[in-house]
Amino acid sequence: MYNSVDRNSPFDENIPELDMAYLQQILRQQAQRRPLYENVAIIGCGYVGTALAYHWQEQGHFVTGTTTSPERFASLSQIASNVVVMKGNDSKAMESLLPEQDTVVVSVAPTGDSFAGQDVYFTTYLSTAKNLVKALKQTPRVKQIIYLSSCSVYGNREGNWVDETSPVAPSDLRSQVLCEAEKILLQASSENQRVCILRLGGIYGPGRELIRMFGDLAGMTLPGKGDRFINWIHRDDIVGAIDFARLNELEGIYNLVDDSRLTVKEQVESIFSYYGLPPVYWDSSKPLRRNNLLVSNQKLKAAGYQLVYPKLFI
Ligand SMILES: NC(=O)c1ccc[n+]([C@@H]2O[C@H](COP(=O)([O-])OP(=O)(O)OC[C@H]3O[C@@H](n4cnc5c(N)ncnc54)[C@H](OP(=O)(O)O)[C@@H]3O)[C@@H](O)[C@H]2O)c1
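In case it helps, this note's numbering puts the sequence shown at residues 3 to 316.
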């Protein structure tokens, strides 16, 4: 009999210690029925898509990321195993993207033109959703679609609460188009191809810091009372929640916002006092017509997701 300290042992004496974290990960994966490593496609590797690609690539998945910009091919190739330059409205490109994928995330938004018109919204959101649904029918390997939508689909609720059971009431074109895209995808959901819609709050995070968005307003007088609620979500929680949705095979609609529940006045005050900037003044004689609502995140939390940034990270 050999023992572990026997110098003549034919076995490798330098057997590494058991990697408990890895073992636990495998057990968790088995409990959650999803394979440890998957082929994942991210349609739209912009701000969120790129962070997600990086995360999944690090975890060992085979990541295919798409962009519409040939000049982004080289930089994306550093964080994704495979990069495809395509538009979602290109049905042939969609048909060749899907067959080898297990999970597909859609994270598209018009880029490069902040005043995108109706046709751009239609092409970006609706054509992509329709082509995806069409291609899904030929690609049984795809088990889950995770679609990034927006809480703007709830419209203006005058500061009241909404949850996933609240009816949608989009108040602008982009939100109407997002509602339509959600519907198209949800109708395609089946036992074998689950569709999960994540309705995001305003996105912030590295490179999109709140101070960058609000900083120019320092010392200015703004219309309204500042009593409107803005619901935010940190980029890392979007990546975390997408991963959670994949592992737990979530389907249906889930809101994805943090716990901060602050008015714009409270948000701006905390950001400006942190950075020592002059305050903003409010002119309530000038009304402001913007969405004002509080979005519940209880459904996602009840499913087990724990926010990385429950409060605003300034
Ligand atoms: N920004 C917010 O506060 C906010 C709030 C709620 C929800 N959302 C949603 O969250 C998701 C992620 O947002 P983000 O800020 O990460 O977006 P982003 O940085 O603007 O990236 C959008 C991505 O979509 C790609 N794209 C544009 N048109 C396309 C088309 N026709 N077909 C396929 N891809 C196309 C872009 O390609 P290129 O690589 O060529 O640029 C880019 O990779 C989006 O679905 C957005 O609607 C955003």
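For each residue, glycine too, the CB sits at the ideal point set by N, CA and C.
With a 10 Å radius around the Cβ and a threshold of 16 neighbouring Cβ atoms, residue 54 comes out buried. Relative to the non-hydrogen atoms of ligand 1, the Cβ of residue 94 never comes closer than 6 Å to any of them. Non-local C-beta neighbours of residue 56 in its own chain, meaning closer than 8 Å and more than five positions away in sequence, comprise 81, ordered along the chain.
Look at residue 66: its beta carbon is at least 6 Å from all of the heavy atoms in ligand 1.
Secondary structure note for residue 146: its beta strand (DSSP E) is the uninterrupted segment 146-152. Counting C-beta pairs with one atom in each stretch, the segment 101-113 and the segment 138-148 have three or more that are closer than 8 Å, which means they touch. With the rule of 3 Cβ pairs closer than 8 Å, the segment 192-206 counts as touching the segment 230-248.
Per the Cβ contact rule, the segment 214-223 is in contact with the segment 275-290 (3 or more Cβ pairs under 8 Å). In the DSSP annotation of this structure, the continuous segment of the beta strand (DSSP E) that includes residue 256 starts and ends at 254-258. Contact annotation: residue 235 and residue 273 have beta-carbon atoms that are not nearer than 7 Å. Note: residue 196 is bridge-paired with 146 in the DSSP secondary-structure output. The Cβ atoms of residue 314 and residue 262 sit closer than 7 Å to each other.
Spatial neighbours of residue 78 in its own chain (CB-CB distance under 8 Å, excluding positions within 5 residues in sequence) are listed in chain order as 47, 52, 55, 67, 69, 85. When beta bridges are read from the DSSP output, residue 85 appears opposite 67.
Nearest in C-alpha terms to residue 291, of all of 231, 252, 268, 269, is 231.
Residues 93, 96, 97, 99, 100 of the same chain have their beta carbon placed closer than 8 Å to that of residue 137, with the five preceding and five following residues left out of the count. Taking C-beta atoms as the reference points, residue 153 and residue 297 count as a pair closer than 7 Å. With a cut-off of 6 Å, the C-beta of residue 205 is classified as near ligand 1, since at least one heavy atom of the ligand falls inside that distance. Taking residue 285 as reference, the option from 40, 43, 227, 308 with the minimal CA-CA separation is 227.
With three or more CB-CB distances shorter than 8 Å, the segment 294-311 counts as touching the segment 157-175. Annotation for residue 267: 227, 228, 229, 282, 284 place their beta carbon closer than 8 Å to its own, counting only its chain and skipping 5 residues before and after.
Within the same chain, Cβ atoms closer than 7 Å to the Cβ of residue 129 are found at 90, 91, the five residues on either side in sequence being excluded. If you check the C-beta of residue 49 against ligand 1, you find a heavy atom less than 6 Å away.
Here residue 176 carries a helix assignment [DSSP, helix/strand/coil].
In chain order, 64, 102, 103, 104 place their CB closer than 6 Å to the CB of residue 41, counting only its own chain and leaving out the 5 sequence neighbours on each side. In the three-state DSSP reduction, residue 270 falls in the helix class (H, G or I). According to the DSSP assignment, residue 133 belongs to the alpha helix (DSSP H) that extends over 130-138. Secondary structure of residue 231 (DSSP, three-state): strand.
CA-CA distance, residue 72 to residue 87, rounds to 6 Å. In this structure, 238 is the residue among 131, 277, 150, 238 with its C-alpha nearest to the C-alpha of residue 308. By alpha-carbon distance to residue 134, the top candidate from 305, 188, 159 is 188. Under DSSP, residue 204 forms a beta bridge with 234.
In this structure, residue 74 keeps its C-beta atom at 7 Å or more from the C-beta atom of residue 249. The secondary-structure analysis by DSSP pairs residue 41 across a beta bridge with 64.
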